[in-house]
Amino acid sequence: SNAAPLPVLYLQYPHWPNHGEPVDTRAVRYHLPGELGPLVVHCRFNLRHNWKML
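Quick note: the sequence shown, position 6, residue 6 per the UniProt record's numbering, numbers continuous.
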């Protein structure tokens, strides 16, 4: 393919609650560049099935 590579930013957030999301996501969003596209997060146990958009 001639498509440009897609950069991936991986963040580890050990206090993210399993099977849900934190009440306040500002702590996570603070570390993200402003021009970053969609953000997908998952808990550590359901990597294949539990995707969330933030």
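Where a beta carbon is used, it is the ideal one built from N, C-alpha and C, also for glycine.
- V28: member of the alpha helix (DSSP H) spanning 26 to 29, first to last residue.
- Put simply, the backbone Cα of L36 is about 12 Å away from that of Y30.
- Straight across, the Cα-Cα distance linking V28 with A3 is about 29 Å.
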